[in-house]
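First to last, the sequence lines map onto chains F and R.
Every position in the first sequence, counted from 1, becomes a number in the numbering used here once 224 is added.
With the first letter of the second sequence counted as 1, position 113 gets the number 107 in the numbering used here; the numbers rise by one all the way through.
Single-structure report; data block below.
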Amino acid sequence: MKKFVSIVLATAMAAALAGCGATATPTAATSESGSTASAAAIKIGGIGPITGGAAVYGTAVKNGEELAVKEINALGGTQFELNFEDDEHDAEKSVNAYNTLKDWGMQVLAGPVTTTPTLAVAAEAAVDGIFVMTPSASAQAVIETGDNVFQVCFTDPNQGVASADYIADNALATAVGVIYDASDAYSSGIYEKFKAQADSKGLSIVAAEAFTADNKSDLSTQVTKCKDAGADLIFLPIYYTEASQILKYADSIGYTPAFFGCDGLDGLLAVEGFDTTLAEGVMLLTPFAADAADAKTQAFVKAYEAAYGETPNQFAADAYDVIYAIYEASEAAGVTADMNAADICEALKTQIITMSFDGLTGTNMTWDATGAVSKAPQAVVIKDGAYSAMTASSESAK
Amino acid sequence: MAITKLKNMKKTTKSNLITFGIVVAFYLVIQLCTGMGMMTSSFAGQLVPICAYIILAVSLNLTVGILGELSLGHAGFMSVGAFSGTLVWMTTSATLPSWLALALSFVVGGVVAGLFGLLIGIPVLRLSGDYLAIVTLAFGEIIKNFMNACYLGYDANGLHFSLKDSASLHLAADGQVLINGAMGITGVKKASTFTVGIILILITLVVILNLIHSRAGRAITSIRDNEIAAQSIGINITRYKLMAFIVSAVFAGVAGVLYSLNFSTLVAKKFDYNTSILILVFVVLGGIGNIRGSIIAAAILTVLPELLRSMNDYRMLIYAIVLIVVMIFSQSPQLVAWRKKTLAKFKKNGSVKPPKGVA
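This is how it looks when you write it as structure tokens:
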């Protein structure tokens, strides 16, 4: 009996392997014909979590990229073809997705979305010589992986430093409490730099309370500790779901400090079942606000809402900028679809550090050779259930 | 001559040879495909994870199938092995020849995981019942949360350690952060290859299959089948339980090193409860106590989600359905009876021919 089962399983395995072989041939064929014969569109790969706990971010990025590609193709100039693969916010799956895209014939990678997968994928791409531009993987280590890796978002250290500067320069608080996610690279990365900068700016941190992904269902202890320590401002370098809990609990115990967050708080107003009046006065440092008055943002938000039925968040805007930055760099560097990935990578690498790009998440964005972006951080405050720019933001940008 | 030798061979030896044969054949086929340029990068990228999962499944099968204890923290052993082995690799790969540094990493990863196995096994394996499942479950979670909060740095003054943040390591200017909390270890130089993976699988199989078919192995199986009977004939229960459990932990650690050296980044979050369960699924689906089944199940179930990529959002749904169908196929009493009947018929028809062929 056992033997029979193993024979069946062995044949199944052989069939699976044969399946691999079979799929190999058509993809190889299409990538060949794509690069020589038709030479129509530059193949752009996207990677991000479409399923699992971080799916909100991956879906936003996917939508933003799709929208940008559609618009660019409608312009009639350089044509793009987008293939977005799921990575479930896991390094192993992300490398699998990357390899799948390579089989497809990817020439430029617009992703991945989250930090840990990006670190794994960027190392592979550095070896293969494929140009990588991530919309939202914000750790410093991401761009240190190779000279072919560029970011559109701020690095974590940048956000932490900018937040501390902003709070100190505008004298927003005398005693600061911090609640952060110690099990999350993004959150602990920002906290670390925030702390260092706060110390040097003479800002006093009276409480630094951590939680982890496993025990975030109840954050009342952390809030209470901040209250007991007498914090008059709570810095939240975390994502919006947890922030909404914190706001709710603080309100229920009658604790009303100022709240200050980073780009992860973007999306707070869209949390289901959350009383948005609680978010009144929350300040956040984000490169994108959906109700900004400029024509570019307005057009993007309108198109996004029409296509996907929801208001775009900062991730979608970053992704949209990635595609447009690649587009402008490709046009300027004369990249065509019949070039191979390594040549495109070289061309884009030299082009992108010389150009200045106006996107949704910042004007006059520039990149240095390390891959970090330079753009002005913008602080917004939630007023009447909507973001409005804080007047002092231009000052802190200096 | 050769045929009679093969015929007179002990049944277990023959079965073991088939298992080794499958692994070697798998290796040769893959090498052939690579040589002929038929491999997709998608499949080539999965080879090392497949090897790691095979080692994990085989080693867990020793605990679950042969010893009969449920372990829900196999990823925890994988984690300690991965972190210690990767640290060794990062610190020695620059000075030692790379094969030696690699071998050292695997040995250290295995030994550290084994030590943790001993640590957990000594109190828990004295008890009978489901205690091991609960304790290993807790162990996996503790390791994950500890590694998430662990900061380790290195400078001229030696090693620095903190559980708070990397700033409190107080590193000198030339210092280097090795483990950075939730960010884990970054910038690992990739070292795992498919060949290394296959060699490790073969070593694992040699050790575990020999253990199973040895005197100690029979003692271990007797504990599984009836603990009281085993005790009554003078078998030292705790000792044999520990033996199986530690061997299982050692190879989990080795697999962890193999896995982590295949990626440039290593985070504790990967080795969570879900990963432990994933390995358990390989074991259960391959057949509890069936080493060859574990190998095949681990390989297929690792490749399957990638093969289903074209289904987009539905792939995890289909993956789950496949699991259920295979489970029903291999475990449902009616199907088992039907399979036996067909197999008997098949054997009756087939048994006439072979003697002719041999003669």
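Positions of the beta carbon are idealized from the N, C-alpha and C atoms, including for glycine.
Which bits of chain F does residue i rub up against, with CB to CB less than 7 Å?
{"i": "R/P43", "result": "E316"}
{"i": "R/A176", "result": "A406, S407, D408, A409 and S412"}
Look up residue i in the DSSP assignment and say whether it is helix, strand or coil.
{"i": "F/E529", "result": "helix"}
{"i": "R/F20", "result": "helix"}
{"i": "R/Y68", "result": "Here the sequence assigns His to residue 68 of chain R, which means Tyr is not the residue at that position. Three-state result, R/H68: helix."}
{"i": "F/A361", "result": "coil"}
{"i": "F/D423", "result": "helix"}
{"i": "F/M614", "result": "coil"}
{"i": "R/L94", "result": "helix"}
{"i": "F/S428", "result": "strand"}
{"i": "R/G152", "result": "strand"}
{"i": "R/Y145", "result": "strand"}
{"i": "F/N297", "result": "helix"}
{"i": "F/S173", "result": "What is shown of chain F runs 225 to 622, which leaves residue 173 of chain F out entirely."}
{"i": "R/T180", "result": "strand"}
{"i": "F/E256", "result": "Low per-residue confidence applies at F/E256: pLDDT is 36, beneath 50, and the placement is therefore not dependable enough to give any value."}
{"i": "R/T130", "result": "helix"}
{"i": "F/D567", "result": "helix"}
Using a C-beta cutoff of 8 Å, does residue i count as contacting chain F?
{"i": "R/D168", "result": "no"}
{"i": "R/A95", "result": "no"}
{"i": "R/K354", "result": "Residue numbering for chain R in the displayed model covers -5 to 353; residue 354 of chain R lies beyond these limits and cannot be assessed."}
{"i": "R/N139", "result": "yes"}
{"i": "R/M84", "result": "no"}
{"i": "R/R233", "result": "no"}
{"i": "R/E300", "result": "yes"}
{"i": "R/K339", "result": "no"}
Going by beta-carbon coordinates alone, are residue i and residue j separated by less than 8 Å?
{"i": "F/A503", "j": "F/I606", "result": "yes"}
{"i": "R/P43", "j": "R/T215", "result": "no"}
{"i": "R/F265", "j": "R/M72", "result": "yes"}
{"i": "R/G169", "j": "R/Y148", "result": "yes"}
{"i": "F/G270", "j": "F/V280", "result": "no"}
{"i": "R/A107", "j": "R/A243", "result": "yes"}
{"i": "R/F245", "j": "R/G104", "result": "yes"}
{"i": "F/A431", "j": "F/G401", "result": "yes"}
{"i": "F/S580", "j": "F/T590", "result": "yes"}
{"i": "R/F77", "j": "R/L199", "result": "no"}
{"i": "R/L252", "j": "R/I16", "result": "no"}
{"i": "F/G485", "j": "F/L508", "result": "yes"}
{"i": "R/L255", "j": "R/S186", "result": "yes"}
Please check if any C-beta of chain R sits within less than 8 Å of the C-beta of residue i.
{"i": "F/L343", "result": "yes"}
{"i": "F/E309", "result": "yes"}
{"i": "F/A347", "result": "yes"}
{"i": "F/D438", "result": "yes"}
Taking Cβ-Cβ distances shorter than 7 Å, what residues in chain R pair up with residue i?
{"i": "F/V319", "result": "G39 and F257"}
{"i": "F/T340", "result": "T259 and V261"}
Could you list which residues in chain F have their beta carbon closer than 8 Å to that of residue i, in chain order?
{"i": "R/A292", "result": "Per Cβ cutoff of 8 Å: no residues; R/A292 is ~10 Å from chain F at best."}
{"i": "R/N142", "result": "A406, S407 and T436"}
Below 9 Å on C-beta distance, what does residue i contact in chain F?
{"i": "R/M3", "result": "Neighbours of R/M3 on chain F: none; closest Cβ ~15 Å, over 9 Å."}
{"i": "R/G181", "result": "L343, A347, A365, E368 and T369"}
{"i": "R/R303", "result": "E309, D310, N320, A321 and T324"}
Using a C-beta to C-beta distance shorter than 9 Å, which residues of chain R count as neighbours of residue i?
{"i": "F/A420", "result": "A161"}
{"i": "F/T275", "result": "D307, R309 and M310"}
Check distances from the C-beta atoms of the stretch 383 to 416 of chain F to those of chain R and list, in chain order, the residues that come in under 9 Å.
-> D405, A406, S407, D408, A409, Y410, S411, S412, G413, Y415 and E416
Residues in the stretch 320 to 332 of chain F with C-beta within 7 Å of chain R's C-beta atoms, listed in sequence order?
-> N320, N323, T324, K326 and D327
Selection of the stretch 362 to 383 of chain F by Cβ proximity to chain R, strictly under 8 Å | A363, A365, E368 and T369
With 7 Å as the limit, tell me which residues of the stretch 512 to 541 of chain F have their beta carbon closer than that to any beta carbon of chain R; keep them in chain order.
-> none
Could you name the residues of the stretch 442 to 464 of chain F whose beta carbon sits closer than 8 Å to any beta carbon of chain R, in the order they occur along the chain?
-> none
Where the stretch 194 to 226 of chain R meets chain F: residues whose CB sits under 9 Å from a CB there | none
Interface residues of the stretch 144 to 159 of chain R facing chain F [CB-CB below 7 Å] | For the stretch 144 to 159 of chain R, which is checked against every Cβ of chain F, the residues closer than 7 Å are D159.
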